[in-house]
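Read through the structure below, which is laid out as structure tokens, and then see the notes.
Numbering (the working numbering), first residue to last: 25 to 547.
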């Protein structure tokens, strides 16, 4: 240990600390450097082994003739220069963000990158070395009281004045004094409160902080910063590659969705929320979660994917959604989306997925369940099989039990039942004596029937068709009616299996009949 050098360094630190406490507005680092340099110059301490800067260059740096047409040299330097530029940008961004946090300023990284690029282009013409933002220089600058970017301009002008006027005196600046200034600046840059908050707030951020701190003690500063960024990127990829994929059910008030947590779910439709970007790293996790839900609830033929948290999707994500859609359609079901963001829809449209699925498969968040309940889900299961009331729309449904599960061939009949429009049915009913009048069978429940039915329609609930269906005449066309036409289509499949052939479904049910302007009879 060279005690004289150590003493100069400690003296520099002491002068800075005392000046900051006694005269906070004074430039403490500059005062310390001047005092210690004067001591070295007056007492010739450089001859006692104190290391000084030595002679500084005089005047402006010479202009350089750049070999812009030497493509061989450019090729040799290209890879290395890109690496140096990347490290410089990383270092500049890191120190800028650290100072912005302390000063409360807004950081514009794009402007920082442009400024650094222009600076490197300029120094190339003046024999300059690659320049970048510096932790040490920026820390000293901020500690000395700098508050705007103009401080760098004044610092440069001050260095220029020193080189042109007092370069011979600046040669006596001891390196120990510069080290003392840097140590004070570095100590001031350590935000211990922020470190404590990070440690108690986030385990992942704590890991990044510890890794960067350890790398700083082992590696050069720029590589230590790069190590911290790499750890951050790895953590981000790990986190985003496993987004939350949760099966949801309505809360007790039917206002919001909440995680299932082993609560009863709808036997027809699964509701799943994807909680992050759907990119190549996350597709396997999302698809596995959807398939796991299907294994747990094999009776669910439909899936509602809540996409409001998905802010990005790539081609791999689209392929995963296509695979999920094929899986459900092979099971005679389908997949619907709610809350899909505009940019995600744009990606789906560009790939053709949006068109292949259909516009009616993309629903608003607040209307998704209502749409599926009234237009997609099978009411025969809701009324005759399901003992649950999962959604708000289920609460008013009458409940009947077959005593056993409705077979899939009843829910998804193989028979194609022809449909009549309300106008066609009205015309047939108006043909007095010119044709055989159809028999109208309303297959809804009595409570639904009493609220309004097509005139002349006879009530035979679908649950009663296996017992009463055999009493219907076979020499007249039978028109089956329900609320929107789905239950009557299933009832038609049941009658087909019983041997009836002249069977029709009222397309759109009583809703379409009423919308066409025809009256309903009310009991």
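For every residue, glycine included, the Cβ atom is placed at its ideal position computed from N, Cα and C. It should be emphasised that the depicted structure is a prediction, and the values quoted were computed from it without experimental measurement.
Give every residue of the same chain whose Cβ lies closer than 8 Å to the Cβ of residue 281, excluding the five residues on either side of it in the sequence, and list them in chain order. The beta carbon of residue 281 sits closer than 8 Å to those of 272, 273, 274, 275, 295, 297, 330, all from its chain and outside the five residues before and after it, given in chain order.
Residue 533 vs residue 441 beta-carbon contact at 8 Å: For residue 533 and residue 441, no; Cβs fall outside 8 Å.
Among the residues of its own chain, which have a CB less than 8 Å from the CB of residue 158, if the five just before and after it don't count? A distance below 8 Å between beta-carbons, with the five flanking residues on each side excluded, links residue 158 to the following residues of its chain, in chain order: 115, 119.
Under the three-state DSSP convention, the category residue 211 falls into: Note: residue 211 maps to helix in three-state DSSP.
Would you mind giving the Cβ-Cβ distance between residue 303 and residue 338, rounded to the nearest angstrom? I have them listed as a contact below 8 Å. A Cβ-Cβ distance of about 5 Å is found for the pair residue 303 and residue 338, placing them in contact under the 8 Å criterion.
Bounding residues of the beta strand (DSSP E) (the contiguous stretch that carries residue 231): It is not in any beta strand (DSSP E) - residue 231 instead sits in the alpha helix (DSSP H) that spans 227 to 242.
Do residue 102 and residue 140 count as a contact pair if the criterion is CB distance below 8 Å? In this structure, residue 102 does not lie closer than 8 Å to residue 140 by Cβ.
Length of the line joining the Cα atoms of residue 283 and residue 380: Taking the straight line joining both Cα atoms gives about 30 Å.
Just to confirm, are residue 54 and residue 198 a CB contact at a threshold of 8 Å? No, the Cβ-Cβ distance between residue 54 and residue 198 is not below 8 Å.
Roughly how many angstroms lie between the CA atoms of residue 546 and residue 308, to the nearest whole one? Each residue's alpha carbon lies about 54 Å from the other.
Taking all protein chains shown into account, do 16 or more other C-beta atoms lie within 10 angstroms of the C-beta of residue 185, making it buried, or fewer, making it exposed? Residue environment: residue 185 is assigned as exposed (fewer than 16 neighbouring CB atoms within 10 Å of its CB, all protein chains considered).
Shorter than 8 Å from the beta carbon of residue 90 to some beta carbon of chain B? In the structure shown, chain B cannot be found, because there is only a single protein chain.
The stretch 346 to 361 touching the stretch 390 to 408, judged by at least three CB pairs closer than 8 Å: Between the stretch 346 to 361 and the stretch 390 to 408, the count of C-beta pairs closer than 8 Å reaches three or more; the two stretches touch.
Helix, strand or coil at residue 306 according to DSSP, with G and I counted as helix: Collapsing the DSSP output to three states places residue 306 in coil.
By the three-class DSSP mapping on this structure, what secondary structure does residue 297 have? Taken through DSSP and simplified to helix, strand or coil, residue 297 comes out as strand.
Those runs of the alpha helix (DSSP H) which lie wholly inside the stretch 320 to 381 and span at least 4 residues: List check, alpha helix (DSSP H) in window: 339 to 354, 366 to 375, 377 to 381.
Start and end residues, alpha helix (DSSP H) containing residue 534: Element bounds for residue 534: 533 to 539.
Return the CA-CA distance between residue 540 and residue 453, expressed in angstroms with no decimal places. Residue 540 and residue 453 have their C-alpha atoms roughly 15 Å apart.
The alpha helix (DSSP H) spanning residue 55 covers which residue range? Looking at the DSSP string, the run of the alpha helix (DSSP H) that includes residue 55 is 52 to 67.
Determine the burial state of residue 544: buried for a count of at least 16 other Cβ atoms within 10 Å of its Cβ, exposed for fewer. The residue in question, residue 544, is exposed, as its Cβ has fewer than 16 Cβ neighbours within 10 Å.
How close, in whole Å, do the beta carbons of residue 529 and residue 513 come, if the pair is a contact with beta carbons under 8 Å? Contact flag correct, Cβ pair sits at about 5 Å.
Mind checking residue 211: buried by the 16 CB within 10 Å criterion, or exposed? The residue is exposed, with fewer than 16 neighbouring Cβ atoms inside 10 Å.
With distances taken between CB atoms, is the gap from residue 463 to residue 487 smaller than 8 Å? With a cutoff of 8 Å on beta-carbon distance, residue 463 and residue 487 are scored as not near each other.
Out of curiosity, what's the CA-to-CA distance linking residue 66 and residue 39? Those two C-alpha atoms are separated by around 18 Å.
Would residue 190 and residue 164 be called neighbours here (beta carbons separated by less than 8 Å)? Annotated as distal: residue 190 and residue 164, with beta-carbon spacing of 8 Å or more.
Is residue 313 closer than 8 Å to residue 265 when the C-beta atoms are compared? Not closer than 8 Å, so no.
Give me, in chain order, the residues of the same chain whose beta-carbon lies closer than 7 Å to that of residue 522; leave out the 5 immediate sequence neighbours on both sides. Result list for residue 522: 493, 494, in chain order.
Which word fits residue 468, buried or exposed, when buried means at least 16 other C-beta atoms lie within 10 angstroms of its C-beta? Its Cβ being crowded by 16 or more others within 10 Å, residue 468 is buried.
What are the start and end residues of the beta strand (DSSP E) that includes residue 414? Looking at the DSSP string, residue 414 is not in any beta strand (DSSP E), and its letter there is neither H nor E.
For residue 271, the residue or residues it bridges with in DSSP: In the DSSP output, where bridge partners are listed per residue, residue 271 has 296.
What is the DSSP secondary structure of residue 521, reduced to helix, strand or coil? Three-state result, residue 521: helix.
Which residues mark the beginning and the end of the alpha helix (DSSP H) in which residue 193 is found? For residue 193, the uninterrupted alpha helix (DSSP H) segment begins and ends at 191 to 194.
Cutting at 8 Å between CB atoms, please list the residues of its own chain near residue 171, excluding the five before and the five after it. 127.
Can you give the Cα-Cα distance for residue 44 and residue 99, rounded to whole angstroms? Residue 44 and residue 99 have their C-alpha atoms some 51 Å from each other.
Using beta-carbon positions only, say whether residue 124 and residue 213 come within less than 8 Å of one another. Taking 8 Å as the cut-off, the beta carbon of residue 124 is found no closer than this to the beta carbon of residue 213.
Taking residue 197 as part of the alpha helix (DSSP H), name the residues at either end of that continuous run. No alpha helix (DSSP H) contains residue 197, which DSSP labels as neither H nor E.
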